Amino acid sequence: MDGEMYYGLKKGPDGKYSYSVEREKRTVGERNCSKRCKKCLLFNENERLAIFHSFWNNMNWDQKKVFVISMVDKTEAKQKKAENSRRKYSFKYFLKKNGHRVLVCKKMFLSTLAIGERTLYDWLMKSGNGIPEKPNQRSSIWKCKCQRILEIVKDLLRTNFYQL
Numbered sequence: 001m002d003g004e005m006y007y008g009l010k011k012g013p014d015g016k017y018s019y020s021v022e023r024e025k026r027t028v029g030e031r032n033c034s035k036r037c038k039k040c041l042l043f044n045e046n047e048r049l050a051i052f053h054s055f056w057n058n059m060n061w062d063q064k065k066v067f068v069i070s071m072v073d074k075t076e077a078k079q080k081k082a083e084n085s086r087r088k089y090s091f092k093y094f095l096k097k098n099g100h101r102v103l104v105c106k107k108m109f110l111s112t113l114a115i116g117e118r119t120l121y122d123w124l125m126k127s128g129n130g131i132p133e134k135p136n137q138r139s140s141i142w143k144c145k146c147q148r149i150l151e152i153v154k155d156l157l158r159t160n161f162y163q164l
């Protein structure tokens with residue numbers, strides 16, 4: 001996947017998936033930040049293009065997910081403005097410049113990588129500990145056993161870590 005036009009999956013009437021949906025070519029979006037975004041101004045168009053081409057030309061989908069997850073900090077929401085708010089997390093978005101992560105706004109992040117807000121949110125929500133989840137093709141019984149074992153191992157590691 002290199003930002004070119006491609007065909008995406010679609011579920012047909014027979015229940016089988018096929019590559020039948022034409023997806024448009026990806027391009028770097030416009031810089032539509034407000035004037036308050038001081039850090040976004042640190043990136044010129046050539047740097048944004050380099051990030052875009054590196055993202056779409058040099059990575060497969062799993063690597064793209066890992067990259068995006070590593071460039072976004074997800075923290076618990078400190079304040080809830082409404083009483084019955086569903087907001088759980090706050091996000092900070094970064095792009096790399098000279099090997100350092102530079103804080104940018106969400107619009108700049110999404111337009112530079114040419115990904116949608118829904119894709120970004122799905123990737124972030126499905127990555128519990130910063131690693132994207134892989135769909136497991138095994139039975140649900142096996143999943144439950146693995147999850148229990150994983151929880152036991154995590155608890156053991158936590159208790160041993162705090163004893164150090």
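Residue numbering for the sequence shown follows the UniProt record's numbering, starting at 1 and increasing by one per position.
We put the beta carbon where it would ideally sit given N, CA and C, even for glycine.
Here the structure is a predicted model, which is why all the values come from computation and not from measurement.
- Listed in chain order, the beta strand (DSSP E) elements of length 3 or more contained wholly in the stretch 56-141 are 72-76, 89-97 and 100-104.
- Pairing residue 26 with residue 56 gives a Cβ-Cβ distance under 8 Å.
- With distances taken between CA atoms, residue 127 lies nearest to 73 out of 53, 73 and 33.
- Note on geometry: alpha-carbon atoms of residue 75 and residue 46 lie some 31 Å from one another.
- Counting along the chain, residue 28 sits inside no beta strand (DSSP E), nor does DSSP assign it H or E at all.
- Residue 158 and residue 147 have their C-alpha atoms spaced approximately 16 Å apart.
- Under the 10 Å beta carbon count, residue 108 is surrounded by 16 or more other beta carbons and is classified as buried.
- Taking residue 49 as the centre and dropping the five residues before and after it, the same chain places the C-beta of 28 closer than 7 Å to its C-beta, in chain order.
- In the three-state reduction of the DSSP assignment, residue 23 falls in the strand class, which pools E and B.
- Shown here, residue 35 sits in coil according to DSSP, grouped into three states, outside any helix or strand.
- DSSP places residue 10 inside the beta strand (DSSP E), whose first and last residues are 6-11.
- Spanning the alpha carbons of residue 32 and residue 111 requires a straight line of approximately 9 Å.
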